[in-house]
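As structure tokens, the structure follows; a few thoughts come after it.
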Amino acid sequence: MPAVGARVSVRYRLPDGAEPPFSEAIGWLEALTPRILLRTRGGELLSIERGDVVALREVPHRAVRTSEIRELHRAIAAATPALEQDTAAGWLVRHGDAVRGNYAAPLDVSATVAGLPEVLRWFDRFGEPVRLLLPDRTLPVRVDGGEAMLVFEGESREGALPDGVQLTEVTADGVTRAYLAVPADDPVAVAFAGSAGFRLHHGYRFVAPSVLLPTI
Numbered sequence: 004m005p006a007v008g009a010r011v012s013v014r015y016r017l018p019d020g021a022e023p024p025f026s027e028a029i030g031w032l033e034a035l036t037p038r039i040l041l042r043t044r045g046g047e048l049l050s051i052e053r054g055d056v057v058a059l060r061e062v063p064h065r066a067v068r069t070s071e072i073r074e075l076h077r078a079i080a081a082a083t084p085a086l087e088q089d090t091a092a093g094w095l096v097r098h099g100d101a102v103r104g105n106y107a108a109p110l111d112v113s114a115t116v117a118g119l120p121e122v123l124r125w126f127d128r129f130g131e132p133v134r135l136l137l138p139d140r141t142l143p144v145r146v147d148g149g150e151a152m153l154v155f156e157g158e159s160r161e162g163a164l165p166d167g168v169q170l171t172e173v174t175a176d177g178v179t180r181a182y183l184a185v186p187a188d189d190p191v192a193v194a195f196a197g198s199a200g201f202r203l204h205h206g207y208r209f210v211a212p213s214v215l216l217p218t219i
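Residue numbers (this note's numbering): 4 to 219.
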């Protein structure tokens with residue numbers, strides 16, 4: 004459940020007889036009980052009965068371009084050198100010394116599911132399991148399952164950085180921006196990110212190649 008203060012998307016049921024029967028809104032969550040209170044961008048305060056809520060999920064506090072997501076993952080890869088790294092069919096391919104180090108990510112606009120056979124051939128010589136790292140919106144397919152992660156963005160950081168920070172931007176004034184990755188199914192970690200001043204940037208999933216191969 005998103006915390007109060009989060010920017011969320013909510014889909015909710017309208018009164019009987021309404022057409023269409025559902026509506027959706029995006030705004031900032033001001034209360035969760037006894038009713039859902041949502042402040043829209045236009046300043047309207049929506050009051051929604053909790054039992055009428057069909058779906059409620061956190062969304063980024065600002066518009067995040069897909070190109071920005073790709074660039075962030077390139078920077079994270081550059082900050083964590085692999086034993087071997089290359090590109091194959093538009094995918095970034097990395098072989099490392101840990102499970103998380105063996106992955107392929109569609110970080111070029113030319114990357115498609117159809118390129119996966121070439122990607123997997125690159126990994127064949129290592130004889131180790133490989134996973135696909137799929138950031139939001141980088142492929143035109145919906146993928147469920149696997150290990151879902153959320154990346155939070157924080158600015159003007161002071162003091163010690165929390166565990167899980169994957170990348171920082173540093174100037175003469177110190178750390179100006181940091182990116183924190185936490186498991187999407189860990190409500191304590193997600194709540195901590197929000198309480199520490201981090202805001203949702205995007206999500207990604209680690210999945211087995213077999214999840215996408217049947218779609219080729």
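Note that the Cβ used here is the ideal one computed from N, Cα and C, for glycine as well. Since this is a predicted model, take the numbers as computed values, not measurements.
Q) Are the stretch 192–203 and the stretch 128–137 in contact at 8 angstroms, needing three or more beta carbon pairs? A) no
Q. Is the Cβ-Cβ distance between Y15 and V62 less than 8 angstroms?
A. no
Q) Where Q88 and R97 are concerned, what is the direct C-alpha to C-alpha distance, given to the nearest angstrom? A) 4 angstroms
Q: Would you kindly check if the distance between the Cβ of L142 and the Cβ of V116 is under 8 angstroms?
A: yes
Q: Measuring alpha carbon to alpha carbon, tell me which of I79, A78 and A101 ends up nearest L86.
A: A101
Q.
Tell me which residue opens and which closes the beta strand (DSSP E) that T90 is part of.
A. E87 to A91
Q: Pull up the distance between the alpha-carbon of E47 and that of A66, whole angstroms please.
A: 20 angstroms
Q. CB-CB under 7 angstroms to G148, same chain, minus the five flanking residues each way: which ones, in chain order?
A. V210 and V214
Q. When burial is assigned at 16 or more other CB atoms within 10 Å of the CB, is V191 buried or exposed?
A. exposed
Q) Can you check whether the CB of A187 is closer than 8 angstroms to the CB of G157? A) no
Q. Which term fits M152, buried or exposed, when burial requires 16 or more other beta carbons within 10 angstroms of its beta carbon?
A. buried
Q: Report yes if the CB atom of A82 is closer than 8 angstroms to the CB atom of G118, and no otherwise.
A: no
(Q) Mapping the DSSP letters down to three states, classify R65 as helix, strand or coil. (A) coil
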